[in-house]
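Engineer: The structure follows.
Protein chains: 2
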Amino acid sequence: MDYESASTTMPGGPTIYDIARRAGVGIATVSRVMNGSSRVTAATRDAVKRAMDDLGFRPNRAARRLAARGPNRPRVAALMPFFSGSFYVAVSRPLAQALAAADIDLVLHDVKSRDDKNRILDRIVAERSCEALALCSMGIGAERQEQFARLGVPMVSVDYPLAGVASITVDNADGMRQALDHLRGSGARRIGFISGLPHALAFREREATFTALAGADAPLTRAESMTREDGRAAAVRLLELSPGLDAIVCANDLFALGALEELRARGVDVPGRMQVIGFDDQPLMDFIGLSTVRQPMHALGEWAAARLGEALAGARLGDEASRRLPVAFVARATTRPAITSSSTTRAAAGGQPIARRRRAAKESA
Amino acid sequence: MDYESASTTMPGGPTIYDIARRAGVGIATVSRVMNGSSRVTAATRDAVKRAMDDLGFRPNRAARRLAARGPNRPRVAALMPFFSGSFYVAVSRPLAQALAAADIDLVLHDVKSRDDKNRILDRIVAERSCEALALCSMGIGAERQEQFARLGVPMVSVDYPLAGVASITVDNADGMRQALDHLRGSGARRIGFISGLPHALAFREREATFTALAGADAPLTRAESMTREDGRAAAVRLLELSPGLDAIVCANDLFALGALEELRARGVDVPGRMQVIGFDDQPLMDFIGLSTVRQPMHALGEWAAARLGEALAGARLGDEASRRLPVAFVARATTRPAITSSSTTRAAAGGQPIARRRRAAKESA
DNA sequence: CTGTTAGCGCATTCAA
DNA sequence: TTGAATGCGCTAACAG
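Line by line, the protein sequences are chains C and H.
Residue 8 in our numbering sits at position 8 of the first sequence, and the numbers go up by one each step.
Residue 1290 in our numbering sits at position 290 of the second sequence, and the numbers go up by one each step.
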């Protein structure tokens, strides 16, 4: 019946002119059936619809909006790696809400790789599909920056410092310092670190500080991805690597939970024999009782939304607007209280112990 | 210097014609500086830029795209209540990823109220800002449905059955039945229920089944919002309401965690003296060891994305495509094993006990 | 009920 | 380097 010839002969797809011709009507009629006007005979409507089906007609949004004189709400595109679940939740939600309050649309893009990122950015440039850009946890080349600058598309960077771009980051080095301070204050002698894949800057920063403070020979391993299971596998390696360990710091709360599972399975007393510290303080960590380094993730999203709103309102965004937020170690049930008075924060409440789980070692995978 | 007179005198904002006139150049030149062409004198470029600043020029996206002959990627708008965090994460992520894989943009809209919903839908209609719609956990009037049908905007409904609309829901009644079955099988005599605000259909369904099965006089209270704190407050009320309680079922995992906190604070043995069951099985519930009713949230997002993709590809979506997914009770550490052989699922692994926490009652708020 | 006509705001030849 | 003219695909009067 239909050979899809339309799409091959008509670059950009068929238009209402094509439909009108094929259905033997005027373009206005085509427009009418598109918009569901009641002022059309059932017969002609069907004819038009058939023509549209036959030709695989897809109305052009831009043209519709232009002709309909609709207001054009600004749209910001946010690129972020969804896999890092906590970040996705914690940042995208406030971002979406704050932007919505400012009547700005948000389009989320999952970025799985560098190629992915470039593909998405290329498309954005080609289609000019957004008026502003939010980059999360990722870098961007200088030419790219220039490209968007030329197009007048302002951008902010979340969780990644970028020269010339307004960015919001957290003080990863200080967070790691606080964690190690607490651990030493509470008697830890040999501290290991479960890091993450180095393509994430936050992980690199945390790892670098750990190495600087704990020594280049301090036990360290990297989780292979972002899941709890990876954290657990890493813990297994770490424990094997360094049997004398009495504390584990993780680049991420999930890794810490994975480590906790392994320790639990081995019947290791936490925090008695082994202390564990995470990083991020994602939701539910207070319930679980994980000692961790709290990162104001909510503030990241809000800051980004605020800057984007300003930029869209005409303000110029430079990296002088950049901020580096403080983080705070939160002592809960997976660490012992510090003996020496340190400068770390003591959780006010909610720090319930994860409990002394008496479980026989079983799955020493 | 500038009185913003432009915006008041020119409906829809200034155009390149206005800029061109004010800068004393042609529209082509304005276009060139907009797009960062190098073939423009610095002087004229500055003049144009100043004119743009003075008039508060905002290029019209639709026009740019139309003129640039850019391809127009379909866009789906998803409306969902962000406050129900677990749902947001669990559904929006797979939705976003699956749509991205199909080269479809996703615009998320937070819906806080019925007014909010209508406002957003009105805008979508007015601006024709999407080619397809995904409604999550919310109803929609018949006229609305018709309106979108006329515009040729297909829609799917997630977590809410809607006549005439392809929807994906879960079997809340059966989930509640399974939970109560298990509880009875494990010796519970008096079961209470912490429900949620009745404007959420899922809560209403769970509550209705509870009432039908446990009796109209069974202890029941409703959390006032969606947080753990609300759950805890509800638990306090429930405990007061019915001192003889030996099991609590919750409409939501968060409520269950809140209840657990309260019980923990009171030093009540769980699951010895009191069993607790949640609903949803959101992330980390396995780690925490909460017995709950697992809902395949991931599948909801994927189903929605798949249907949307089909619809965008030309298929027609009717409610004959609708599905109601099964749910399964997952026994973990907050319930005792069933004595009678019931048909409930026994968690294969990962069901670590939440532990017998020996903690003195302290915060009997 | 239907066709004709004129823009919508911008990018882009083509001349100048 | 710059400007005038043309068209992108569609909607919305305005006629018929």
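Ideal Cβ placement from N, Cα and C applies to all residues, glycine included.
What residues in the region 1087-1102 of chain H bring their beta carbon closer than 7 angstroms to a beta carbon of chain C?
Structural biologist: Answer in chain order: Y1088, V1089, R1093, A1096, Q1097, A1100.
Engineer: Which residues of the region 1168-1191 of chain H have a Cβ closer than 7 angstroms to any Cβ of chain C? Give them in chain order.
Structural biologist: Listed by position along the chain: nothing, the set is empty.
Engineer: Thinking C-beta only, is P1154 of chain H closer than 9 angstroms to L1317 of chain H?
Structural biologist: Contact flag set, yes.
Engineer: Taking 7 angstroms as the limit between beta carbons, can you name the residues of its chain near I19 of chain C, skipping five residues before and five after?
Structural biologist: V30, V48, A51, M52, L55, F57
Engineer: Which chain H residues are close to L55 of chain C, counting only those with a beta carbon under 8 angstroms from its beta carbon?
Structural biologist: Per Cβ cutoff of 8 angstroms: no residues; L55 of chain C is ~11 angstroms from chain H at best.
Engineer: Report yes or no: do the region 1189-1201 of chain H and the region 1222-1235 of chain H share at least 3 C-beta pairs separated by less than 8 angstroms?
Structural biologist: yes
Engineer: Looking at C-alpha atoms only, which residue of C:A256, C:Q282, C:R189 is the closest neighbour of P243 of chain C?
Structural biologist: C:R189
Engineer: Assign G1314 of chain H to buried or exposed, taking buried as 16 or more other Cβ atoms, counted over all protein chains shown, within 10 Å of its Cβ.
Structural biologist: exposed
Engineer: Run down chain H in chain order and give the residues with a C-beta less than 8 angstroms from the C-beta of F82 of chain C.
Structural biologist: R1093, A1096, Q1097
Engineer: Beta-carbon separation of L133 of chain C and V76 of chain C under 9 angstroms?
Structural biologist: Judged by beta-carbon spacing, V76 of chain C lies within the 9 angstroms limit of L133 of chain C, meaning their Cβ atoms are closer than that value.
Engineer: Are any of the Cβ atoms in chain H nearer than 9 angstroms to that of G68 of chain C?
Structural biologist: Going by the sequence as given, residue 68 of chain C is Ala instead of Gly. Yes, A68 of chain C counts as interfacial toward chain H.
Engineer: Classify A1041 of chain H as buried or exposed, calling it buried when 16 or more other Cβ atoms lie within 10 Å of its own Cβ.
Structural biologist: A quick correction: the sequence has Thr, not Ala, at residue 1041 of chain H. Counting Cβ neighbours within 10 Å, T1041 of chain H comes out exposed, since fewer than 16 surround it.
Engineer: Quick check: I366 of chain C and D246 of chain C, are their CB atoms within less than 9 angstroms of each other?
Structural biologist: Outside the displayed range of chain C (1 to 365) lies residue 366 of chain C, so it cannot be described from this structure.
Engineer: Look up T221 of chain C in the DSSP assignment and say whether it is helix, strand or coil.
Structural biologist: strand
Engineer: Helix, strand or coil for F1329 of chain H, going by three-state DSSP, please let me know.
Structural biologist: strand
Engineer: Within 10 Å of its beta-carbon, does V1114 of chain H have 16 or more other beta-carbons around it, so buried, or fewer, so exposed?
Structural biologist: Note that residue 1114 of chain H corresponds to Arg in the displayed sequence, not to Val. Classification for R1114 of chain H: exposed.
Engineer: Name the chain H residues whose beta carbon is nearer than 7 angstroms to that of H109 of chain C?
Structural biologist: A1100
Engineer: What are the boundary residues of the beta strand (DSSP E) that includes Q147 of chain C?
Structural biologist: Segment 142-150 is the alpha helix (DSSP H) holding Q147 of chain C; no beta strand (DSSP E) there.
Engineer: Out of C:V270, C:D103, C:D105, C:H109, point me to the one whose CA is closest to G1102 of chain H's CA.
Structural biologist: Looking at the sequence provided, one finds Ala at residue 1102 of chain H rather than Gly. Per the Cα distances, C:H109.
Engineer: S1342 of chain H by DSSP, collapsed to three states: which one?
Structural biologist: Any reading at S1342 of chain H must be qualified, since the residue scores a pLDDT of 45, below 50, and its modelled position is unreliable; no value is offered.
Engineer: Please name the residue, chosen from H:V1156, H:Q1147, H:R1119, that lies closest to L1135 of chain H on a Cα-to-Cα basis.
Structural biologist: H:V1156
Engineer: Using the Cβ count rule (16 or more neighbours within 10 Å means buried), how would you classify A1163 of chain H?
Structural biologist: exposed
Engineer: Which runs of the alpha helix (DSSP H) spanning at least 4 residues fall entirely within the region 1095-1182 of chain H, listed in chain order?
Structural biologist: 1114-1127, 1142-1151
Engineer: Hey, which unbroken runs of the beta strand (DSSP E) at 3 residues or more fall wholly within the region 1040-1076 of chain H?
Structural biologist: none
Engineer: Suppose only complete runs of 3+ residues qualify. What are the beta strand (DSSP E) ranges in the region 187-220 of chain C, listed by chain order?
Structural biologist: 191-195
Engineer: Quick one: grab the DSSP three-state call for D253 of chain C.
Structural biologist: helix
Engineer: Quick check: what's the CA-CA separation for P283 of chain C versus L260 of chain C?
Structural biologist: 17 angstroms
Engineer: Any beta-carbon of chain C closer than 9 angstroms to the one on E1127 of chain H?
Structural biologist: Yes, E1127 of chain H counts as interfacial toward chain C.
Engineer: Buried or exposed: where does S1037 of chain H fall if 16 or more other Cβ atoms within 10 Å of its Cβ makes it buried?
Structural biologist: When all chains shown are included, S1037 of chain H counts as exposed.
Engineer: Against N1072 of chain H, what residues of chain C qualify as contacts under a CB-to-CB distance less than 7 angstroms, listed in chain order?
Structural biologist: N60, R61, A62
Engineer: Under a three-way DSSP split, which group does D1366 of chain H fall into?
Structural biologist: This structure does not reach residue 1366 of chain H, given that chain H is present from 1001 up to 1365, and the question cannot be answered.
Engineer: Would you please state the rounded distance, in angstroms, between the beta carbons of L241 of chain C and A214 of chain C? I believe it to be under 8 angstroms.
Structural biologist: So it is not a contact: roughly 14 angstroms between Cβ atoms.
Engineer: Could you work out which residues of chain C lie near M1297 of chain H, taking near to mean beta carbons separated by less than 8 angstroms?
Structural biologist: At a C-beta separation below 8 angstroms, M1297 of chain H has no neighbours in chain C, since its nearest C-beta there lies roughly 13 angstroms away.
Engineer: Going by C-alpha distance, which of C:R32, C:F87, C:A328 is nearest D171 of chain C?
Structural biologist: C:A328
Engineer: Per the DSSP calculation, L79 of chain C is bridged to which residue(s)?
Structural biologist: C:H109, C:L135
Engineer: Consult DSSP for D1281 of chain H and reduce its assignment to one of helix, strand or coil.
Structural biologist: coil
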